[in-house]
Amino acid sequence: MKAEYINPFIESTLSVFNTMIGIEPKKQDVYIKKGDNPSYDISGVIGLAGQANGSVVISMPEDLALTVVSKFMGDECTEVNDEVIDAVGELINMIAGSTKKVFSEKGLRFKISIPNVIVGKGHKINRPSTVPCLGVKFNCENSDFVVEVSLKENGK
């Protein structure tokens, strides 16, 4: 995976959190993801397919998800329910959609799938072993979350 592929995902994440939730996360480390274990309790996943294939994942602890979704929806969420799951799916959808536009303007086109949200400690997200995964850790509301991107151009 080309390192420059991660920057549009970082910018989209910062923009979505700032404009849609009113939170300004701070970008922390960029790392190469090893294995298929999740980083946190709730993960939103979107597949990418077209001139490039892969996936993008947002993963966060349950308490941060409740805080983020409460601000996003304008109503306090105290437990993970269908509304929280749908909102996490919408967050990853907005991040992927915004990033898709950036790549399209650069001539790399792909479609995004319907988001899936996985809830529970110890869940796994399988990725093709041939597509490296870069992760970015963010901090907000005194907690961390990650965005992990696997993206490979076809034929490369």
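According to the working numbering, the stretch in the sequence shown is residues 23 to 178, in order. Ideal Cβ placement from N, Cα and C applies to all residues, glycine included.
Inset, instruction - With a threshold of 16 other CB atoms inside 10 Å of the CB of Thr-35, please say whether the residue is buried or exposed. - result: buried
Inset, instruction - State the Cα-Cα distance for the pair Val-110 and Asp-166, rounded to the nearest angstrom. - result: 15 Å
Inset, instruction - With DSSP as the reference, label Ile-68 as helix, strand or coil. - result: strand
Inset, instruction - With a 10 Å radius around its C-beta and 16 neighbouring C-beta atoms as the bar for buried, classify Lys-143 as buried or exposed. - result: exposed
Legend entry - Residue nearest to Glu-84 in terms of C-alpha spacing, selected from Leu-130, Ile-64, Cys-99: Ile-64
Legend entry - Under 8 Å between C-beta atoms of Cys-155 and Val-171: yes
Legend entry - Neighbourhood of Asn-161 by C-beta distance below 7 Å, restricted to the same chain and skipping five residues each side: Pro-47, Lys-48, Gln-50
Inset, instruction - Could you tell me whether the stretch 110 to 125 touches the stretch 61 to 81, where touching means 3 or more Cβ pairs closer than 8 Å? - result: yes
Inset, instruction - Following the continuous beta strand (DSSP E) through Asn-75, name the residue where it begins and the one where it ends. - result: 74 to 82
Inset, instruction - In the DSSP assignment, find the unbroken alpha helix (DSSP H) run with Gly-119 in it and report its ends. - result: 104 to 127
Legend entry - Neighbourhood of Val-91 by C-beta distance below 6 Å, restricted to the same chain and skipping five residues each side: Cys-99, Val-106, Ala-109
Legend entry - Between the CA atoms of Glu-101 and Lys-122 - distance to the nearest angstrom: 31 Å
Legend entry - C-beta contact flag for Gly-66 and Ile-32 at 8 Å: no
Inset, instruction - Please classify Ile-136: is it buried, with 16 or more other beta-carbons within 10 angstroms of its beta-carbon, or exposed? - result: exposed
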